[in-house]
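Written below as structure tokens is the structure these notes are about.
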Amino acid sequence: MNENQVINVSELDSKFADEVISYPGGEHLRKCFACGTCTAGCPVSEIDESYSPRRLIRQILFGMRVEVLTSAAIWYCLVCYRCFAHCPQSVNFPDLMRVLRYIAIREKYVTPDIVQRISEIDKRVQILRHDLIKYDVTKQKD
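Using this note's numbering, read the sequence shown as starting at 1239 and increasing by one per residue.
Now the structure itself:
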């Protein structure tokens, strides 16, 4: 969603937020008051300034179902819980991302091969992170 995008109210899903809230992890969605603390503490937004947990929450609340579920942004979240740790309202954004991913898969907004590729990427990134930390810690001991 860009700043100049026109939102067609007839295309919004007024029940989308309620659906997200009905899943474990979505219960606190409406507590968000858009302070931006989640985005400020997010490691993904540090490398991609267009990524904004706050924006995704607003889109859910506005009922922008298709836009949210087709967005690559729901797959960018590292599920590191830094946003949740800093949220003054205890909105569990990583669990919200899990809910959105589940709905996107269930409703076939993403194909199984994409989900498999994302899982493989996540595993490779975790291996790389592990090896880099291990190397740095080992190097420091020498």
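Each residue gets a CB set at the ideal place from its N, CA and C atoms; glycine is no exception.
Nearest to residue i (by Cα), restricted to the options the options
{"i": "threonine 1308", "options": "Thr1349, Phe1271, Ala1278", "result": "Thr1349"}
{"i": "glutamine 1327", "options": "Glu1265, Ser1248, Asp1256", "result": "Glu1265"}
{"i": "leucine 1300", "options": "Asp1369, Asn1242, Glu1249, Gln1354", "result": "Sequence check: residue 1300 is phenylalanine here, not leucine. It is Glu1249 whose Cα lies nearest to the Cα of phenylalanine 1300."}
Within 8 Å, strictly: CB atoms of residue i and residue j
{"i": "glycine 1274", "j": "aspartate 1333", "result": "no"}
{"i": "valine 1337", "j": "tyrosine 1261", "result": "yes"}
{"i": "valine 1329", "j": "lysine 1269", "result": "yes"}
{"i": "leucine 1316", "j": "proline 1291", "result": "no"}
{"i": "methionine 1335", "j": "isoleucine 1312", "result": "yes"}
Backbone CA spacing between residue i and residue j [nearest angstrom]
{"i": "proline 1352", "j": "glutamate 1305", "result": "Residue 1352 is actually isoleucine in this sequence, not proline. Approximately 18 Å, taken between the alpha carbons."}
{"i": "tyrosine 1319", "j": "phenylalanine 1271", "result": "18 Å"}
{"i": "glutamine 1364", "j": "arginine 1293", "result": "27 Å"}
{"i": "isoleucine 1298", "j": "glutamate 1358", "result": "28 Å"}
{"i": "valine 1244", "j": "arginine 1367", "result": "40 Å"}
{"i": "aspartate 1374", "j": "arginine 1303", "result": "43 Å"}
{"i": "tyrosine 1340", "j": "phenylalanine 1322", "result": "20 Å"}
{"i": "alanine 1202", "j": "alanine 1255", "result": "For the chain, the structure presents residues 1239 to 1380; residue 1202 sits outside this window and is missing."}
{"i": "valine 1258", "j": "tyrosine 1347", "result": "16 Å"}
First and last residue of the uninterrupted alpha helix (DSSP H) at residue i
{"i": "lysine 1253", "result": "No alpha helix (DSSP H) contains lysine 1253, which DSSP labels as neither H nor E."}
{"i": "isoleucine 1356", "result": "1350 to 1379"}
I'd like the ranges of any alpha helix (DSSP H) spanning at least 4 consecutive residues and lying wholly in the segment 1255 to 1332. If only complete runs of 4 or more residues are kept, the segment 1255 to 1332 shows the alpha helix (DSSP H) at 1275 to 1278, 1281 to 1285, 1291 to 1300, 1303 to 1307, 1311 to 1314, 1320 to 1324, in order along the chain.
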